[in-house]
Amino acid sequence: MKVTDYFSKANGNTLVSFEVLPPLKGGGMKAIFDTLDPLMEFKPPFIDVTYHREEFIYKKRPSGYYEKTAIRKRPGTVGICASIMHRYGVDAVPHLICGGFTKEDTENVLIDLNFLNINNVLALRGDARKFDGKFIAEENGHKYALDLVRQIEDMNTGKYLDDNIENGEKTEFCIGVAGYPEKHFESPNIDFDLQITKAKVDAGADYIVTQMFFDNQKYFDYVDACRSIGIDVPIVPGLKPVTKKYQLNSLPRLFHVNMPAELVKAVEKAKDSEQVRQAGIEWCIQQCKELKAKGVPCLHYYTMGDPATIRQIAEAIF
Ligand code: FAD
């Protein structure tokens, strides 16, 4: 079923969803199941699976030459999504990124997903590789998520890359895209950022999932700003609790989000790591209670391999 159909069927009730990371190189499905098993009692109708572009390093060979070697390769999302759907009987939402994919690669992934009846995707650009400094698209790949949305939407109307395919089979992908209550860090300003989001929706995106935020007012203002320019699709808040003291700096650095002074104070006051974790959990619970009371369509948790923390929050909310 489509993610947006779940929202419509919920009749204003707030749903829950979780996002999991594929295991690191060589890892099996156990890591994913270990994350999801403790969370399935909350009945998420869908589970997101992130995609991570491989990074490259240059290794010096005995000959003195340098060899380009792929590191941090994680398994692709197609197989992981199929396993999740098979084990739990819920929908899986693979994240598709532009980085590292030609348009043909993307089409092939979409054909596989369609074949497996995986009809939801989150369409993203992806981040720059560590050593590139800025995002570089593949030759004959997409530069922006907007172009990826267009390609998926084309397939939904039966249009494939090969012009010789006439009246191609129409796919039925429900398309999600990313949104940024505190703006994407490369956007020159929030209005520009909102116009890009609107363009993605106009091109066919069916819903938005937001970057994490720690101040609900940012999310409420963002939703208002979206509505004021005619973005009328569901906007799902993405949530990640602070669990470690160093995250007061690392989360703003990595995700370009602000930490409210009160949250910083609560974490700083904590006497040990468990108290830090509890302070972060308590903050997230308060965020979730308010968001749920305002009738958000779904609370989407970035699990980041820490099901115990997410479980404690979900227990307080659902
Ligand atoms: P875009 O919408 O393409 O925007 C990127 C930047 O380009 C923005 O600054 C925008 O203003 C600008 N821009 C866009 N279109 C144009 C245009 N036509 N002309 C000029 N400028 C333009 N990353 C992963 O690698 N894997 C994941 O699984 C993953 N999951 C995520 C899930 C969520 C919910 C979120 C919020 C992010 C996720 N990310 C993931 C991170 C995401 O890939 C990065 O934030 C990335 O830097 C931007 O992706 P985007 O889809 O928002 O890009």
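For the sequence shown, my numbering begins at 71 and goes up steadily by one. Beta carbons: idealized from backbone N, C-alpha and C, even for Gly. Since the structure is predicted, the reported quantities are computational estimates derived from the model, not experimental observations.
In terms of residue numbering, what span does the beta strand (DSSP E) encompassing Tyr214 cover?
Working through the sequence shown from its first residue, we reach residue 214 at position 144. From DSSP, Tyr214 is part of no beta strand (DSSP E); its letter is neither H nor E.
Taking the beta strand (DSSP E) that Ile56 falls in, what are its first and last residues?
The shown model of the chain, from 71 to 388, leaves out residue 56, and the question about it has no answer.
Who are the near neighbours of Arg347 in its chain, counting only those whose CB is closer than 6 Å to its CB and skipping five residues on each side?
On the sequence shown, position 277 is the one that residue 347 refers to. Cβ within range, chain order: Thr313.
Using three-state DSSP, classify Glu256 as helix, strand or coil.
Here residue 256 corresponds to residue number 186 of the sequence shown, with the count starting at 1. Here Glu256 sits in coil by DSSP.
Work out the CA separation of Cys368 and Val191 for me, nearest whole Å.
Taking the first residue of the sequence shown as 1, we reach residue 191 at position 121. Taking the first residue of the sequence shown as 1, we reach residue 368 at position 298. So the alpha carbons of these two residues sit roughly 16 Å apart.
Any heavy atom of the ligand FAD closer than 6 Å to the Cβ of Leu13?
This structure cannot settle anything about residue 13, because the visible part of the chain is limited to 71 through 388.
Would you check if the stretch 247-255 and the stretch 277-284 touch, i.e. whether three or more CB-CB distances between them fall below 8 Å?
These segments touch.
Is Phe262 helix, strand or coil by DSSP?
One-based indexing of the sequence shown puts residue 262 at position 192. Looking at Phe262 - three-state DSSP - the assignment turns out to be helix.
Cα separation between Val179 and Arg144?
Mapped onto the sequence shown, residue 179 falls at position 109. Mapped onto the sequence shown, residue 144 falls at position 74. Taking the straight line joining both Cα atoms gives about 16 Å.
Taking 7 Å as the cut-off, decide whether the C-beta atoms of Ile299 and Leu264 are in contact.
In the sequence shown, the residue the question calls residue 299 occupies position 229. In the sequence shown, the residue the question calls residue 264 occupies position 194. Yes, these two residues count as a Cβ contact at 7 Å.
Can you list the beta strand (DSSP E) stretches of 3 or more residues lying completely in the stretch 79-114, in chain order?
You should have 85-90.
Just the Cα atoms here: how many angstroms apart are Ile387 and Leu309?
The residue labelled residue 387 in the question sits at position 317 within the sequence shown. The residue labelled residue 309 in the question sits at position 239 within the sequence shown. One C-alpha to the other measures close to 13 Å.
With three or more beta-carbon pairs closer than 8 Å as the criterion, would you say the stretch 121-132 touches the stretch 182-190?
Contact between the stretch 121-132 and the stretch 182-190 is absent, because fewer than three Cβ pairs lie under 8 Å.
Go through its chain and collect everything with a Cβ distance to Lys200's Cβ below 8 Å, but skip five positions before and after it.
Taking the sequence shown and counting its residues from 1, one reaches residue 200 at position 130. Only Glu125 meet the Cβ criterion.
Inspect the beta-carbon positions of Thr241 and Asn226 and report whether they are closer than 7 Å.
Working through the sequence shown from its first residue, we reach residue 241 at position 171. Working through the sequence shown from its first residue, we reach residue 226 at position 156. Yes, these two residues count as a Cβ contact at 7 Å.
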